[in-house]
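Everything below concerns the one structure shown next.
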Amino acid sequence: MEACKSVHKRPDRRDTICRTHSKGLESMILWTAVAPLFYLSFSKYELWFFLPLSLYILSRLRFFWAWLLSGFFSFFFSLLWIRIALIDYGGVFPPIAFFLIALLSLTLTFIQFGLVYLLWKLFGFRLILLPFLWVLGELFRSTAPYGGFPWLLVGELLPLVPVLKYYLSAGGVYLGSLVVWLFSLIPYAFRNIRFALSLLVLLSLPLPFVRKDPPPPPELRVAIIQPNVEESIKLNEDLFYKYLPNYWELIEEALKHEPHVVLLPESAFPFTVSELPTKGERLLGYSKKATLVTGIIDIRFEDGWKPYNSVFVIEDGAPTDFYDKVRLLPFGEYVPFPFGFVKSLFGAIGGIDYVPGKEARCVKAGKVKLGTPICFEVSYSWLFGEFARCGDIIAVFTNDGWFRDSDGTWQHFRQARVRALENRKFVLWINNTGPSAVISPDGEILKKIPYGTKGYIIYEFKKSRFH
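All the letters of the sequence shown, read from the start, carry residue numbers 173 to 639 under our numbering.
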């Protein structure tokens, strides 16, 4: 420190070293705050207001190692919920499970934090460029590798923020991420008027594109069934069949309200579509009273035995339309090349690779066209947009019983609110263990069944209500 003090009159090499040491010490202190704040923002507790602080602190760091450590622990803590599916239901040895989560976190870190830092450094750490470089990183990791992982995008928290959430309708979640970053940099604006004006201009540019008036929905009464089947029961065929009376009870109670459409979650039943006449005859009977739309596994014999994760419409005692999941989950529904040798690690797959559908398409359920993305397909804004263009209402079929009441379940649910705002469409969230909900085009939850509850929702869409 004496050396540092002795050079205050004439800057030289020692002065540069002192400043570097000072910044290094600051980085050592600050990086430890980034990950906890980032995690709390994306946790099920929805403490979104910590995210701007986390990003502001990150913007003050000028060392590659500080960015990498901040990124790794941000992703690792926020993705720890994956261990539940891997260990408890997938039968993966715990150390291997944590290694796989760490490997995923490291991959995401190099893309989102490492690459962004290097580009930012290349451009001389110009502060106004940082939000754009961050969004570039989000776009890259949303598409690669293996179809990408568009999870923990900072714009996903905007549905929790009044007024600002409508930016999502102007340019989607990636514009949302840009907006969150710009607001995170506001403290710098107090020291630089030009920077303040730049922020003001950038935040104002999307405003003319905000969509305020969503199209009215078709008049429709729906019933959403939440059976609340614990995943260990679903993985045991005998126990699953014994649980079916709970389904019949819920469906019969819901039918008393005379819904037009009854919706059940992803892979809702232990039998396949081809087994409906023998093992699902009761379900076919209910379809004569109301249109049923359910997630169900379909086995087809096309050049061999091929399983599909599908949604089927059942009307008047027979299947009438279907959608096959297009975007399969790597290591969850198939093992990508060249990792086929690790299939033995994932007991829940049973060595089976599901087959992807050919296209995103809507199904006709009575008089309404439904977009029916399945599970993590809700994460892909471009794919969801295809359903929004052809569907009157979007119904997302999922089974978050794999993750219990963890951060992952609520991160997933939050994405549905993002998609509702992006597309200005009503979204029905049909979940096995919950929550299940009706979400408005404003991203608001109109009706909900709590997590871990067996029950149903009756919701009626009336055009007069939305004028």
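C-beta atoms are modelled at their ideal positions from N, C-alpha and C, and glycine is treated no differently.
Selected residue, minimal CA-CA separation from residue i, among the options
i	options	result
GLU594	LEU330, TYR228, GLY243 and PHE312	LEU330
GLY327	PHE355, TYR346, TRP582 and GLU409	TYR346
LEU372	LEU332, PRO390, PRO442 and TRP353	TRP353
PRO208	GLY243, GLU198 and PHE236	GLY243
ASP579	TYR211, ILE486 and PHE484	TYR211
GLY296	GLY320, ILE229, GLY543 and ARG234	ARG234
PRO491	SER246, PRO479, ASP470 and GLU505	ASP470
VAL599	TRP554, ASP577, GLY606 and THR544	THR544
VAL590	PHE484, ILE611 and VAL535	ILE611
GLU453	PRO380, SER551, GLU531 and TRP420	TRP420
ALA532	LEU416, GLU558 and CYS547	GLU558
TRP203	SER215, TRP237, PHE222 and PHE214	TRP237
PHE282	LEU258, GLU310 and ARG255	GLU310
ALA462	TYR289, HIS432, GLU391 and TYR339	HIS432
PRO399	PRO417, VAL382 and PRO322	PRO417
LEU299	TYR339, ARG232, PHE248 and SER341	ARG232
TRP323	GLN284, LEU332 and ASP577	GLN284
PHE245	GLU616, TYR631, ALA592 and ALA205	ALA205
ASP577	SER608, ARG596 and ARG561	SER608
LEU436	GLU391, GLU409 and ILE486	ILE486
Residue interval of the alpha helix (DSSP H) (run including residue i)
i	result
LYS434	In the sequence on display, residue 434 carries Val and not Lys. Premise fails: VAL434 lies in the beta strand (DSSP E), 433 to 436, not in any alpha helix (DSSP H).
GLN284	It is not in any alpha helix (DSSP H) - GLN284 carries neither H nor E in the DSSP assignment.
THR450	448 to 451
PRO417	409 to 427
ALA238	236 to 250
GLY343	339 to 356
VAL590	579 to 595
ALA368	365 to 376
LEU291	288 to 294
PRO303	302 to 313
LYS406	403 to 406
LEU116	Because the chain in this structure spans residues 173 to 639, residue 116 falls outside the shown range and cannot be described.
Cross-strand partners of residue i (DSSP beta bridge)
i	result
LEU542	VAL535 and ILE565
LYS619	VAL610
PRO491	ILE486
PRO502	TYR506
THR570	ASN603
ASP496	SER482
Assigned exposure category for residue i - 16 Cβ within 10 Å defines buried
i	result
PRO224	buried
TYR526	buried
ILE268	exposed
THR625	exposed
GLY606	buried
ASN604	buried
LEU542	buried
THR450	exposed
ARG586	buried
LYS428	exposed
ARG499	buried
TYR217	exposed
PRO613	buried
ARG366	exposed
GLY476	exposed
LYS634	exposed
LYS414	exposed
SER551	buried
ASP572	buried
TYR480	buried
GLU474	exposed
PRO303	buried
ASP496	buried
VAL394	buried
ILE553	Strictly speaking, residue 553 in this sequence is Ser, with Ile absent from that position. Answer is buried; the Cβ neighbour count reaches 16.
MET173	Only weak support is given to the placement of MET173: the predicted model assigns it a pLDDT of 43, under 50, and the value that follows is read from those uncertain coordinates. So MET173 counts as exposed.
ILE201	exposed
GLU632	exposed
VAL288	buried
Host beta strand (DSSP E) of residue i (start-end)
i	result
LEU464	463 to 473
ALA397	It should be pointed out that residue 397 corresponds to Ile in this sequence rather than to Ala. Taken as a continuous stretch (DSSP letters only), the beta strand (DSSP E) holding ILE397 covers 392 to 398.
SER118	An answer regarding residue 118 cannot be provided, because it is not within the stretch 173 to 639 covered by the chain.
PHE633	627 to 633
LEU600	599 to 603
Query raised in the report: Should the segment 304 to 320 be regarded as contacting the segment 565 to 576, the criterion being three or more beta carbon pairs within less than 8 Å?
Result: no
Requested in this report: For the segment 458 to 473 and the segment 431 to 444, state whether three or more C-beta atom pairs, one from each stretch, are separated by less than 8 Å.
Outcome: yes
Query raised in the report: Taking one C-beta from the segment 526 to 543 and one from the segment 331 to 345 each time, how about it: are there three or more such pairs within less than 8 Å?
Result: no
Query raised in the report: Using 8 Å as the Cβ pair cut-off and three pairs as the minimum, do the segment 353 to 371 and the segment 213 to 230 touch?
Result: yes
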